[in-house]
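K.L.:
First, the structure itself, so that you have it in front of you.
In our numbering, the protein residues as written are -6 to 442.
Here's what the structure looks like:
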C-alpha cells in the first residue's frame, strides 16, 4: 500500500514507523528540516521536506498515486487543506486529524465529502473516553473494548496481596472459574511475555487480561479484594479533555471537582457543567489541593495543556492523599518514570490517535486495534472472511506467527475464551494479542486474498 503521511510529529513519526514495518510504501512530509532529518535517520521511509499544504510538495510525495493520505500536523486547518488538495490529485482515501471540537462537529454535520475527507481523528475526545473507561474499571491502567463492548482488555498491576501472586498460567486455565478470563501478556521489568502454561505471576507484574464484560466485576475483586468504585474525583484542567471527562464522570460519581488556573475558563465551565464544582486555582499548589479536599479524593486526573504541570500536580496529589493519579501527557519519556513517581495511569492522546489510524489504514480483516502504552504489542479484533485459512481447522492445527495468541471469540451472542480446540467461523469477532511484527502474517490468516 502507498501511504502519504503529512506531519512528522509524534503521531506522524509513530505511524510511519509502524506502517513501514508492515512493508508499506511510506512517504513522510515535514516542513521542519531538523525534524525531517531526525526522522529520516531513524525510520525506513521516504522523507519529503516541505509544506504539506503546497501542491508541489505533495506531488513530490507522489500523492496522485496514494492509496491513503494521513494529514496529522498540529494545525486542523492545514490538515483539511492537505486532504482537499490530495483529493484533487486523485488520492483514494484521506484522513484528517482535527483537535478543535467545534470544527470536528461541523465536519460531521456537513458531511465528510463536503471537506474531501473520509475520516477524522480527534485525539482529545478519544483520550477523554479512555479515561472514563479507566475510571469504570478501578485498578486498570490500560483499557480497550472489543466486539461492541462485549469483550474487554484490561491492564492491571498485580498487588503483593493478590491471590494471583505465585500462580502458574497453566493452573489458572485449569481452574473452573464461573467468570472466565485469560491472561494474554505479562510485562515484567520492561520485558513483554506472551505467557505459556509454566509462566508464574509475580507481585508488581503488569498483566493484560482478556475477559467477557460480565466477568469484570468478579475479576476485579479477585485480583485485588480491596478495590472499590471511586466516590470523589478531582479533575485538573478545563481543557476539552478535562470538560469531557468531568461531564461523563459526573453522571456516575456524585462528588466531582474541576480545577483550572484561568479564571475565565473556570467561569465558563461552571456555567456549562451541571453538578460539577468548579474551583479557580492551580493544582500544582498544595494550598489549592487542600481546598479541593484532595486527601479524600479517590482519583486525581490531570488534563491541563502542560505536561509538566500535569506530572507535578499528580505527584503532589498522591503525596497529599489521593488514592489514584492519572495524567494526560504527550511525553513518552514519562512512561518510564511513572511508577517510581506514584502515577497510576498515563493517557497519551497521540498514542490513541495512532491506534485509531492504524485500524483505518489496515482495514481489511481488522475491525479494531488497541496498541498498549507500555510495550510493543497490540490487541487486534479480526473478522475472518469466508474461505480464510483460520476458518479451515481448529486452532491447534493452524500455524500462527510467533508471539501471538488467540484470546477470545465472539460468535453471535456467544462469547468464549479460545483454546486449542476452538473452531473459528467466518464473521466471528476474534481478539488476537500479538507483537507488532506479527500483524501482517495474521492478516493473511484472516483474509481470503
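Backbone N, C-alpha and C define an ideal beta-carbon position, used for all residues, glycine too.
Source: prediction; values computed, not measured.
Taking the straight line between their C-alpha atoms, what separation do you get for residue 250 and residue 7?
P.N.:
Locating residue 250 in the chain shown gives position 257, counting from the first residue. Locating residue 7 in the chain shown gives position 14, counting from the first residue. Distance between the alpha carbons of residue 250 and residue 7: 35 angstroms.
K.L.:
How big is the Cα-Cα spacing for residue 51 and residue 87?
P.N.:
The residue given as residue 51 occupies position 58 in the chain shown. The residue given as residue 87 occupies position 94 in the chain shown. Straight-line Cα distance between these residues: approximately 13 angstroms.
K.L.:
According to DSSP, is residue 270 part of a helix, a strand, or is it coil?
P.N.:
If you number the chain shown from 1, residue 270 lands on position 277. Residue 270: strand per DSSP, three-state reduction.
K.L.:
Taking only the alpha-carbon atoms, compute the straight-line gap between residue 128 and residue 36 and give it to the nearest angstrom.
P.N.:
Position 135 of the chain shown, counted from the start, is the residue given in the question as residue 128. Position 43 of the chain shown, counted from the start, is the residue given in the question as residue 36. So the alpha carbons of these two residues sit roughly 36 angstroms apart.
K.L.:
Between the Cα of residue 264 and the Cα atoms of 240, 283, 98, which residue gives the shortest distance?
P.N.:
On the chain shown, position 271 is the one that residue 264 refers to. Ranking 240, 283, 98 by Cα distance to residue 264 puts 240 first.
K.L.:
Quick test of your reading: residue 191 and residue 180, contact by CB under 8 angstroms. State the CB separation rounded to the nearest angstrom.
P.N.:
Position 198 of the chain shown, counted from the start, is the residue given in the question as residue 191. Position 187 of the chain shown, counted from the start, is the residue given in the question as residue 180. Contact doesn't hold; Cβ gap of about 18 angstroms is too wide.
K.L.:
For residue 155, which residues of its own chain have a beta-carbon under 7 angstroms away from its beta-carbon, when the five flanking residues on both sides are left out?
P.N.:
Here residue 155 is taken as the residue at index 162 of the chain shown, counted from 1. Closer than 7 angstroms at the Cβ level, and outside the excluded window around residue 155, lie 216, 217.
K.L.:
From 375, 143, 231, pick the residue whose C-alpha is nearest to that of residue 256; which is it?
P.N.:
For the purposes of this step, residue 256 is taken as the residue at position 263 of the chain shown. Answer by Cα proximity: 231.
K.L.:
Using the Cα positions of residue 32 and residue 3, report the straight-line distance between them to the nearest angstrom.
P.N.:
Numbered from its first residue, the chain shown carries residue 32 at position 39. Numbered from its first residue, the chain shown carries residue 3 at position 10. Cα to Cα, residue 32 sits roughly 10 angstroms from residue 3.
K.L.:
With DSSP run on the structure shown, which of helix, strand or coil describes residue 52?
P.N.:
Here the question's residue 52 lines up with position 59 in the chain shown. Residue 52: helix per DSSP, three-state reduction.
K.L.:
Could you tell me which uninterrupted alpha helix (DSSP H) segments, each at least 4 residues in length, are contained entirely in the stretch 161 to 195, listed from first to last along the chain?
P.N.:
Entirely contained in the stretch 161 to 195, the alpha helix (DSSP H) runs reaching 4 residues are, in chain order, 162 to 167.
K.L.:
Residue 60 and residue 85: beta carbons closer than 7 angstroms?
P.N.:
Residue mapping note: residue 60 aligns to position 67 of the chain shown, counting from 1. Residue mapping note: residue 85 aligns to position 92 of the chain shown, counting from 1. Their beta carbons are under 7 angstroms apart, which means residue 60 touches residue 85 by this criterion.
K.L.:
Using 10 angstroms around the beta-carbon of residue 25, count the other beta-carbons present and answer buried if the total reaches 16, otherwise exposed.
P.N.:
The residue labelled residue 25 in the question sits at position 32 within the chain shown. Answer is exposed; the Cβ neighbour count stays below 16.
K.L.:
Using a 10 Å radius around the Cβ and a threshold of 16 neighbouring Cβ atoms, would you call residue 222 buried or exposed?
P.N.:
Sequence index remark: in the chain shown, residue 222 carries index 229 (1-based). Exposed, by the Cβ-count rule.
K.L.:
Identify which residue in 158, 196, 203 has its Cα closest to the Cα of residue 444.
P.N.:
Because the chain here runs from -6 to 442, residue 444 falls outside it and cannot be looked at.
K.L.:
For residue 116, count neighbouring Cβ atoms within 10 angstroms of its own Cβ and tell me buried if that reaches 16, exposed if not.
P.N.:
Counted from its first residue, the chain shown places residue 116 at position 123. Residue 116 comes out buried.
K.L.:
I need the straight-line Cα distance from residue 142 to residue 171, nearest angstrom please.
P.N.:
For the purposes of this step, residue 142 is taken as residue 149 along the chain shown, with counting starting at 1. For the purposes of this step, residue 171 is taken as residue 178 along the chain shown, with counting starting at 1. Their Cα atoms are separated by approximately 20 angstroms.
K.L.:
Looking at C-alpha atoms only, which residue of 253, 94, 280 is the closest neighbour of residue 273?
P.N.:
Locating residue 273 in the chain shown gives position 280, counting from the first residue. Measuring from the Cα of residue 273, the nearest candidate turns out to be 253.
K.L.:
Just reading off the beta strand (DSSP E) that residue 395 is part of, what are its end residues?
P.N.:
Taking the chain shown and counting its residues from 1, the one referred to as residue 395 is at position 402. Run containing residue 395: none; DSSP gives neither H nor E here.
K.L.:
Where in the stretch 277 to 325 do unbroken runs of the alpha helix (DSSP H), each at least 4 residues long, occur, reported from the N-terminal end onward?
P.N.:
Entirely contained in the stretch 277 to 325, the alpha helix (DSSP H) runs reaching 4 residues are, in chain order, 279 to 284, 300 to 312.
K.L.:
By the DSSP assignment, the alpha helix (DSSP H) with residue 138 in it spans what residues?
P.N.:
Indexing the chain shown from 1 puts residue 138 at position 145. Element bounds for residue 138: not the alpha helix (DSSP H) but the beta strand (DSSP E), 133 to 139.
K.L.:
Quick one: grab the DSSP three-state call for residue 90.
P.N.:
Position 97 of the chain shown, counted from the first residue, corresponds to residue 90. In this structure, residue 90 counts as strand in the three-state DSSP scheme.
K.L.:
Between residue 166 and residue 346, how many whole angstroms is the CB-CB distance? I'm expecting something under 8 angstroms.
P.N.:
What you label residue 166 is simply residue 173 of the chain shown in a count that begins at 1. What you label residue 346 is simply residue 353 of the chain shown in a count that begins at 1. Going by Cβ atoms, the distance from residue 166 to residue 346 rounds to 35 angstroms, so no, they are not a contact pair.
K.L.:
Report yes if the C-beta of residue 50 is less than 6 angstroms from at least one heavy atom of the ligand SAM; otherwise report no.
P.N.:
Within the structure as shown, the ligand SAM is missing, as the structure has no ligands at all.
K.L.:
If you run the structure through DSSP and keep just helix, strand and coil, what is residue 27?
P.N.:
Taking the first residue of the chain shown as position 1, residue 27 is located at position 34. If DSSP states are grouped into helix, strand and coil, residue 27 belongs with the helices.
K.L.:
Using the three-state DSSP reduction, which class does residue 143 fall into: helix, strand or coil?
P.N.:
Against the chain shown, residue 143 aligns to sequence position 150. Three-state DSSP puts residue 143 in coil, outside helix and strand.
K.L.:
Run through the DSSP bridge pairs and tell me what residue 229 is partnered with.
P.N.:
Translated into positions along the chain shown, residue 229 becomes position 236. Residue 229 pairs with 252, 295.
K.L.:
Count the other C-beta atoms from every protein chain shown that fall within 10 angstroms of the C-beta of residue 318, then say buried if there are 16 or more, exposed otherwise.
P.N.:
If you number the chain shown from 1, residue 318 lands on position 325. Its Cβ being crowded by 16 or more others within 10 Å, residue 318 is buried.
K.L.:
Residue 335: which of 53, 309, 352 sits nearest, CA to CA?
P.N.:
One-based indexing of the chain shown puts residue 335 at position 342. For residue 335, the nearest C-alpha among the options comes from 309.
K.L.:
Please work out which residues of its chain come closer than 6 angstroms, Cβ to Cβ, to residue 382, disregarding the five sequence neighbours upstream and downstream, and give them in chain order.
P.N.:
Here the question's residue 382 lines up with position 389 in the chain shown. Answer for residue 382: 438, listed in chain order.
K.L.:
Taking the C-alpha atoms as reference points, what is the distance between residue 108 and residue 22?
P.N.:
Against the chain shown, residue 108 aligns to sequence position 115. Against the chain shown, residue 22 aligns to sequence position 29. Looking at the two C-alpha atoms, the distance is approximately 21 angstroms.
K.L.:
Mind reading off the beta-carbon distance from residue 294 to residue 229? Whole number of angstroms is fine, and I expect it under 8 angstroms.
P.N.:
The sequence position of residue 294 within the chain shown is 301, counting from 1. The sequence position of residue 229 within the chain shown is 236, counting from 1. Contact flag correct, Cβ pair sits at about 7 angstroms.
K.L.:
Check this for me: beta carbons of residue 69 and residue 99, under 7 angstroms apart or not?
P.N.:
One-based indexing of the chain shown puts residue 69 at position 76. One-based indexing of the chain shown puts residue 99 at position 106. Going by C-beta atoms, residue 69 is not nearer than 7 angstroms to residue 99.
K.L.:
Our contact map puts residue 0 next to residue 65 with C-beta atoms below 8 angstroms; I'd like the distance itself, whole angstroms only.
P.N.:
Against the chain shown, residue 0 aligns to sequence position 7. Against the chain shown, residue 65 aligns to sequence position 72. Rounded, the Cβ-Cβ distance is 4 angstroms, consistent with contact.
K.L.:
What are the residues that DSSP puts in a beta bridge with residue 427?
P.N.:
The residue given as residue 427 occupies position 434 in the chain shown. 371, 397.
K.L.:
Among 102, 49, 433, 67, which has the Cα closest to the Cα of residue 78?
P.N.:
Here residue 78 refers to the residue found at position 85 when the chain shown is read from its first residue. Checking every option, the nearest Cα to that of residue 78 belongs to 49.
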